[in-house]
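Step one of this worksheet: look at the structure below.
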Amino acid sequence: MKALRRAWNRLAASLRRTESRRDADLADEFEAHVSLLAERYRQRGMSASDAHRAALLKFGGLEPAKEKYRDQRGIPLLDSLRQDILYALRGMRQNPGFTAVVVLCLALGIGANAAMFTVINSVLLKPLPFKDSDRLVTILGLPRKSQKNFWEAPSVEAYEQIKADTAHFSDAVAVQNDVVSMTGGNEPCWADEIEVTGEFFPMLGVAPLRGRALTPTDARPGHDTVAVLSYKLWRSEFGGDDSALGKTIHLDAKSYVVIGVMPSVFNFPTYSDIWVPLSGAGMSAVDARRAQVRLTALLQPGVKLEQAQIALDTIAERLADSNPNKFKGKGLLASSVPHSRVQSVQKSLFLLFGAVGFVLLIACANVGNLFLGQSWKRQREFSVRAALGASRARLVRQLLVESVVVALFGGVIGIALAASCTGIVRSLAPVDIPRIEQVGMDWTVVLFTLGAAVTAGILFGIVPAIQLSLSRILPGLTSREFSKGATRSFAAIRLRDLLTAGEVALALVLLVGSTLAMRSFLSLLQINLGFRTDHLVTMRILPPRYKDPKGEKSFGTELEIARHVRALPGVDAATIKLHPFLAGFDLGSNFHTPGKPSPLDDVRVAIRYIDFDYFHALSIPLVSGRFFTPADDSSQNPIAIVNESYVKQRMENKNPLGEQLFEKGWGRLPDRLHTIVGEVADVRDEDVSHPPVPTVYVPFAQSPFLNDSAYLLVRTALPPALMVKSIEQQVWSIDGDIPVEQVETADQLIADLLAEPKFHALLLSAFASIGFTLALVGIYGVVSYSVGQRTREIGIRMALGAQRGRVLRMVLAGGMIPVWVGIAVGVGAALALARLIQSFLFGVKPTDPATFVAVALAFSAAALLACYQPARRATRVDPVIALRAE
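End of the sequence shown sits at 1456 in the numbering used here; the numbers just go up one at a time, nothing left out.
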């Protein structure tokens, strides 16, 4: 601030010196013209003094000439602006109460916008921390029967073809992700391992925080036993100690030497813990195992995404011609990395940003009304200045400068409010919003906030400027209109009512939206999931796969863990589930009834691989047949249990018991035929906001997948927090190298699933509350000011016999008519905007009549209360005192 003040002073001094030189030059030129004209007058017979005086009168004197010159050449903007700012500051000091109200209103509106912009800036606007991130693309593979939102990884051959296409791609890297057991840190843990080709880090251009990153040399055989840690893993497993560099760690029993640590902002691909080289031998292993890799490419400068897609289509056609059996009908799709990272959240964030913009508009309308009242009080001042030569444009400019100065004060306080709220926003936001942990104030947010303040100042400053342009500025100084404080013109009253109706309409739209969002969230909280969530804890317990690389134990270790935990005192039930609970996974195989179409072409079928105690642990009721038993292992014929939705949608309510289910194996998994032994009730164990889907349950021991993620679900009689240590000890008594991670209760998992609708509901409610409060304050201020201006009129009415009740109704009607107009407009606007929030609602329609009626009635009642106090004060006007000034 001191540097800015010094720069301002230097610039002002320079301008003053320039103006002084211009004035001196003008004086010399003026004297030359006066002397020339005086000489002409002397030649006509006038004396020297009379000739000089006549010449001065002809030119009008030096000072008027300077003013005329300045008007023609223009007063330096900065000097004029300085005068206007000083005048505005004096006005603020003389009206501290008015200034405080205006600044507070603006601070709330601007601060709310600044707080929301911190999220928009960090999540959507900031470039990714990679070199040329706008040119990064992820390349997806499209299956033969392409479906919406369905893709698979491209092949190794596709990677080689893309890398060779230097006309469109500067570089391309292959990525393989896996979950591995890591030892060598504080304790055994699971880590998301990312195998990358040597060009990965050079292409992204991110320098490591410690040590060095992987290079192409590290991908050579014999040099590929090095690893780079993520910042999160370095802090959690090595305590952020630099001694981690050079330390040997074991990933699935394979040794790696830590050579570097990446900064906290680096997270690519998402959910990355460790990066290791993907060598040529590794690529061959990938080709033999799945023939698929994940690809990221960097476009050549100037190449558009559409051009890259055309090149990928050509590559796909070339691959199909070379190997029809493998690639026929398969395609490649380019997706922008920055866009794909935020695609799922940008709509909701922009919706919230639009809502908070309404708050700022309400604040502007509110302050505009206050400035409108002040400008009417200043009509005498405007007339005096007009009489002294000020033009109407000059007066309008002064009003705009005053409003901008006040708005900047509000903006500075708004920045402070936003900075104090960023932590709250981060705590409320869902964890899956990318870069939400980086939300905070920076110079971009500060500049945006100041820009918003200036814009707001111009917006509400235009209101008194319009009133000034419509009014008649009287040149007289003893006008009865000024000395008696007459009521405002009809144009000013219409402008005031228009602003009131506008802020009411905006506030009502916010209230409707927040009410719908809150009702939706409450509906989600009250929904019947079909299972018990209390005293239920889940954790990942997959044993290290290097101890059973061929899967010969067939999940025997996991089943043994479940048996031991089940025997613990305080444990009511314990079961194993393949893949996370409440995560929508377990979709590994294609099940359908023989003779019926595949669910991939019809109704999607969810698969759940579970231990026999699963239904008991969740208290899922049996509809018919039987549950699984410990005897249902891999040595028995494949069986299955289906839910009610499967029977209704896939079997047309036919008795399912004894029926066959065909399981089409994926990849190299064999086809199997299952016998249905039971039917259970529906549960919402995938997405609580969607109805249950057809689900097939298969015994955990009969799962065709080996060495995949396993989760232990335990129902306890005691609070789960008291049982976690005992459960971990039971797990480690079987195998001390088994990491026990992701320990969460079912209630916590459900809270995570509801984090996004909760975030929307709370933020919309906060914005609506601010807008509603500002609107009520505005209504109260307008009616109160109107009563003060109409004191003589009310006194005359009461002196002529008007009853207090009639005066009360008159004032209430004057305040409520624009409110009702605003409510009508707001209801229409809310109906028009309802489709924007339709996808965010559950259990309530965006045009729900009850919500609209309730909000309109509540707003009317609150506005009536805001009008009542000043209306009641009007009824207490003493006619004698009111008319004494007459």
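Virtual Cβ for every residue (Gly too), placed ideally from N, Cα, C.
{"Check": "Under 7 angstroms between C-beta atoms of Met1011 and Leu868", "Outcome": "no"}
{"Check": "Cβ-based burial, Glu1326 [other Cβ within 10 Å; buried from 16]", "Outcome": "buried"}
{"Check": "Range of the contiguous beta strand (DSSP E) that encloses Ala744", "Outcome": "739-753"}
{"Check": "Residues sharing a beta bridge with Asp762, DSSP", "Outcome": "Val749"}
{"Check": "DSSP bridge partner residues for Phe1337 (one or two, in chain order)", "Outcome": "Beta-bridge pairing links Phe1337 to no other residue."}
{"Check": "C-alpha gap between Gly943 and Arg1066, whole angstroms", "Outcome": "9 angstroms"}
{"Check": "Among Ile680, Thr1199, Asn683, Phe1429, nearest to Thr1343 - alpha-carbon criterion", "Outcome": "Phe1429"}
{"Check": "Neighbour-count burial assignment, Tyr826, 16 or more Cβ in a 10 Å radius", "Outcome": "buried"}
{"Check": "For Ala1176, the residue or residues it bridges with in DSSP", "Outcome": "Thr1265"}
{"Check": "With 16 other Cβ atoms within 10 Å as the buried cut-off, status of Trp804", "Outcome": "buried"}
{"Check": "Neighbour flag for Ile994 against chain D, beta carbons, 7 angstroms", "Outcome": "The structure shown contains no chain D, having only a single protein chain."}
{"Check": "Cβ separation of Val1258 and Val1107, assumed to be a contact under 8 angstroms, to the nearest whole Å", "Outcome": "Actually they are not in contact, since the Cβ atoms of Val1258 and Val1107 sit about 19 angstroms apart, beyond 8 angstroms."}
{"Check": "Rounded separation between Leu1020 and Arg1362 - CA only", "Outcome": "42 angstroms"}
{"Check": "Near the ligand ATP: Pro1208 beta-carbon under 6 angstroms from a heavy atom", "Outcome": "With respect to the ligand ATP, the structure offers nothing, as it holds no ligand at all."}
{"Check": "Residue from Ser1296, Val1250, Ser800 whose Cα sits closest to the Cα of Pro1139", "Outcome": "Ser1296"}
{"Check": "Proximity below 7 angstroms, CB of Val786 to CB of Gly768", "Outcome": "As written in the sequence, residue 786 is Pro, which differs from the Val given in the question. Against a cut-off of 7 angstroms, the Cβ pair of Gly768 and Pro786 comes out as a contact."}
{"Check": "C-beta atoms of Ala977 and Gly1027 nearer than 7 angstroms", "Outcome": "yes"}
{"Check": "Contact between the region 1324-1340 and the region 995-1015 (3+ Cβ pairs under 8 angstroms)", "Outcome": "yes"}
{"Check": "Through-space distance from Gly681 to Thr1421, alpha-carbon basis", "Outcome": "28 angstroms"}
{"Check": "Start and end residues, alpha helix (DSSP H) containing Met1109", "Outcome": "That residue, Met1109, is in no alpha helix (DSSP H); its beta strand (DSSP E) goes 1106-1110."}
{"Check": "Continuous alpha helix (DSSP H) stretch holding Phe771: start and end", "Outcome": "770-774"}
{"Check": "Nearest-angstrom Cα separation, counted from Ser1273 out to Asn1225", "Outcome": "25 angstroms"}
{"Check": "With 16 other Cβ atoms within 10 Å as the buried cut-off, status of Asp1172", "Outcome": "The predicted model places Asp1172 with a pLDDT of 49, which falls under 50 and marks its position as unreliable, so this point remains unresolved."}
{"Check": "Assigned secondary structure, Ile1097 (DSSP; H/G/I helix, E/B strand, else coil)", "Outcome": "coil"}
{"Check": "Asn557 vs Asp1252 beta-carbon contact at 7 angstroms", "Outcome": "Residue coverage of the chain in this structure runs from 571 to 1456, which leaves residue 557 outside it and unanswerable."}
{"Check": "Three CB pairs or more closer than 8 angstroms across the region 989-996 and the region 678-696", "Outcome": "yes"}
{"Check": "Strand pairing of Trp845, partner residues [DSSP]", "Outcome": "Ile764, Val798"}
{"Check": "C-alpha gap between Leu821 and Leu1078, whole angstroms", "Outcome": "58 angstroms"}
{"Check": "Extent of the continuous beta strand (DSSP E) to which Val937 belongs", "Outcome": "Run containing Val937: none in the beta strand (DSSP E); it sits in the alpha helix (DSSP H), 916-947."}
{"Check": "Straight-line Cα distance separating Gln1096 from Ala1179", "Outcome": "The question names Ala, but residue 1179 is Tyr in the sequence shown. Spanning the two alpha carbons is a distance of roughly 28 angstroms."}
{"Check": "Three CB pairs or more closer than 8 angstroms across the region 878-893 and the region 656-667", "Outcome": "no"}
{"Check": "Arg1133 versus Lys1415: straight-line alpha-carbon distance, rounded", "Outcome": "47 angstroms"}
{"Check": "Distance between Leu1323 and Phe1151 (C-alpha atoms, nearest Å)", "Outcome": "12 angstroms"}
{"Check": "Residue from Ala658, Phe1198, Pro1034, Ala1153 with nearest C-alpha to Ala1321", "Outcome": "Ala1153"}
{"Check": "Terminal residues of the beta strand (DSSP E) in which Arg1285 lies", "Outcome": "1280-1286"}
{"Check": "Spatial neighbours of Val835 in its chain, beta-carbon cut-off 6 angstroms, leaving aside the 5 residues before and after", "Outcome": "Pro699"}
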